[in-house]
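Engineer: Below you will find the structure I want to go over with you.
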Amino acid sequence: MTLGLINANPVVREKKERISRSDVHLHCDLHDALSVLSEESITVDEKLGRILITFTPTIQHCSMATVIGLCLRVKLKDCFPPHFKVDIKVAPGSHADEEAVNKQLNDKERVVAAMENPNLRQLVDECLHSSEL
Amino acid sequence: MTLLEEESLKLSEVQSLEGHTDRVWGLAWNPATGADGVPAVLASCSGDKTIRIWQQRSPSSTSFDCKAVLEERHTRTVRSCAWSPSGKQLATASFDATTAIWEQNGSDFECVSTLEGHENEVKSVSWNASGSLLATCSRDKCVWIWEVLPGNEFDCVSVLQGHTQDVKMVQWHPTVDVLFSCSYDNTIKVWAEDGDSDDWRCVQTLGESNSGHSSTVWALSFNGTGDKMVTCSDDLTIKVWGVDITRLQSGDGNASWRHLCTMSGYHDRTIFSVHWSREGIIATGAADDAIRLFGESEDHPVDGPSYKLLLKKEKAHAMDINSVQWSPAGNRLLASASDDGTIKIWKLESLQ
């Protein structure tokens, strides 16, 4: 599968919703990390140590939605303190199989198993590298 | 720690066991240990692809030492482990699609058999009460039943299809050869042998229409007598189910499980593990890093039992708790395993 499918030349558009104003110290430039996507938002609850990321795949039936979600998890893993809980969802109404995609992306065991799968791991790594060209 | 009403219980940390280099997924107390002068033994399995064996320094000691590291067998995460009822063998289930059987040989453990067949990650393994059967389940949606034969031979006797998604856990009933499985498809299935044909089939499915869960069911556990079962889910609830135990034990294929109670509003993140102690206390381990204990409530409506929160141990670990297991030895010890790579041993005590 060629990776040209996924935003090989990502356009970093103006994000509609900014990162919330809480003072979370982030270790990397989130702007870069999220340039793979067209639109995303991050909500942080520093007190509870919870982060919700919603992203909008470019098309309603995007078959790469789960891979994009995985890419997000990998890319953002080192941006937050390890004890922070990160939930990733597609923006409501942005995908035909919204519930199914969200369920997979937030099943920790499925995510871990996917990342141990060498083929999927390679796909994710290539996705992330292609966005850095 | 939060207490409710006049219950005077506390959960004291006995020890934190370190050694695994990745998240700890599962735990199993060796049932032949912990009493009658035999030091307790605990097995743990991890994303670091190994299994560790921990042993109490002496029967009265509160210290556990790592006695063995079972490595170089599994090539991916080891997700679940289970001791045979005799305590002589340990079965380990892995994302590498195999289940390994280990036996102690002096101070070492050796892998005496490897069960293959699942198409992808094996999530759970369970021995029946007599140790004559083994069950495994996988993301391939199937449950396999294996017969234990002499000479460490394991023959597959049935491949059970029925779940429509990833099967998260299998557990045999404590007294009868009836198998239970729970899944990403939000249901719990009950499997029994057909008296006439010796074929295994699904005799009951507990889904949303029977007051079942509305998201992935991660684990299930039976009470001591086996007439009740508790399940936990990504839907943030735990549910208690009951059966007519006399009917079940007499081999009545129609003995069906019914919903008794749902505990909701106590958890705000996925509950990964639930375990019922011999004493009747239900422990849960969740993705909010807390351990909760529930017990039967004295005042309840006439038509069924009700349960109340006895204790909530916040920040029991620094990260998600994947497994909680009461020691079978009746010494009120509880073990918990976490994404933080540690196992903690707790003692349930009265505040006085």
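Protein sequence lines correspond, in order, to chains H and F.
Each residue of the first sequence is one higher than the one before, counting from 1 in my numbering.
Each residue of the second sequence is one higher than the one before, counting from 1001 in my numbering.
Cβ atoms here follow ideal geometry from the backbone N, Cα and C, with glycine treated the same way.
1) So, helix, strand or coil for N1359 (chain F), using DSSP?
2) I want to verify the contact list: residues of chain F whose CB lies under 8 Å from the CB of V101 (chain H), in sequence order.
3) What runs of the alpha helix (DSSP H), each 4 residues or longer, lie entirely inside the stretch 66-121 of chain H?
4) If you drop the 5 nearest sequence neighbours on each side, which residues of the same chain put their C-beta closer than 8 Å to that of L70 (chain H)?
5) Write down the C-beta distance between N943 (chain F) and G1280 (chain F) rounded to the nearest angstrom, noting that I regard them as a contact closer than 8 Å.
6) Give a yes or no on whether 8 Å exceeds the smallest Cβ distance from A1219 (chain F) to chain H.
7) Could you have a look at V124 (chain H) and say whether DSSP puts it in helix, strand or coil?
8) In three-state DSSP terms, what is S1256 (chain F)?
9) On the DSSP bridge list, what partners appear for Y1184 (chain F)?
10) Let me make sure I understand the geometry here. Which of F:V1170, F:T1021 and F:P1059 has the alpha-carbon closest to that of I1178 (chain F)?
11) In terms of residues, what are the limits of the beta strand (DSSP E) holding L1293 (chain F)?
12) So which residues on chain F does E116 (chain H) lean against when the C-beta distance must stay under 7 Å?
13) Going by Cα to Cα distance, which pick from F:G1285, F:N1128, F:T1187 and F:G1151 is closest to K1141 (chain F)?
14) What does DSSP give as the partner residue(s) for W1054 (chain F) in the beta ladder?
15) Just to confirm, are L1333 (chain F) and L1009 (chain F) a CB contact at a threshold of 8 Å?
16) Do G1341 (chain F) and R1023 (chain F) have their beta-carbon atoms positioned less than 8 Å apart in this structure?
17) Does the beta-carbon of K47 (chain H) have 16 or more other beta-carbons within 10 angstroms, so that it is buried, or is it exposed?
18) Could you check whether the Cβ of D45 (chain H) sits closer than 8 Å to any Cβ belonging to chain F?
19) Could you tell me how far apart the beta carbons of L1070 (chain F) and F1095 (chain F) are, in whole angstroms, since I believe they sit closer than 8 Å?
Structural biologist: Taking the definition as stated:
1) Beyond the ends of chain F as shown, which are 1001 and 1352, falls residue 1359 (chain F); an answer cannot be given.
2) The premise fails here: V101 (chain H) is roughly 14 Å from chain F at the closest Cβ pair, so nothing lies under 8 Å.
3) Whole alpha helix (DSSP H) segments, 4+ residues: 98-105 and 108-116.
4) Excluding residues within five positions, the ones whose Cβ falls inside 8 Å are L105, V111, A114, M115, L120 and V124.
5) Past the edges of chain F, shown from 1001 to 1352, lies residue 943 (chain F), and the structure says nothing about it.
6) no
7) helix
8) In the three-state reduction of the DSSP assignment, S1256 (chain F) falls in the coil class.
9) Bridge partners of Y1184 (chain F): none, in fact.
10) Rather than Ile, the amino acid found at residue 1178 (chain F) in this sequence is Val. Comparing Cα-Cα distances from V1178 (chain F) to each of F:V1170, F:T1021 and F:P1059, the minimum goes to F:V1170.
11) I1291 to E1296
12) Residues of chain F passing the Cβ test: R1076, T1077 and F1095.
13) Among F:G1285, F:N1128, F:T1187 and F:G1151, the Cα nearest to that of K1141 (chain F) is on F:T1187.
14) Paired residues: F:L1042 and F:C1066.
15) L1009 (chain F) sits away from L1333 (chain F), with the two beta carbons spaced by 8 Å or more.
16) yes
17) Counting C-beta atoms within 10 angstroms of its own C-beta, K47 (chain H) has fewer than 16 neighbours from the protein chains shown and is therefore classed as exposed.
18) no
19) L1070 (chain F) to F1095 (chain F), Cβ: 16 Å. No contact.
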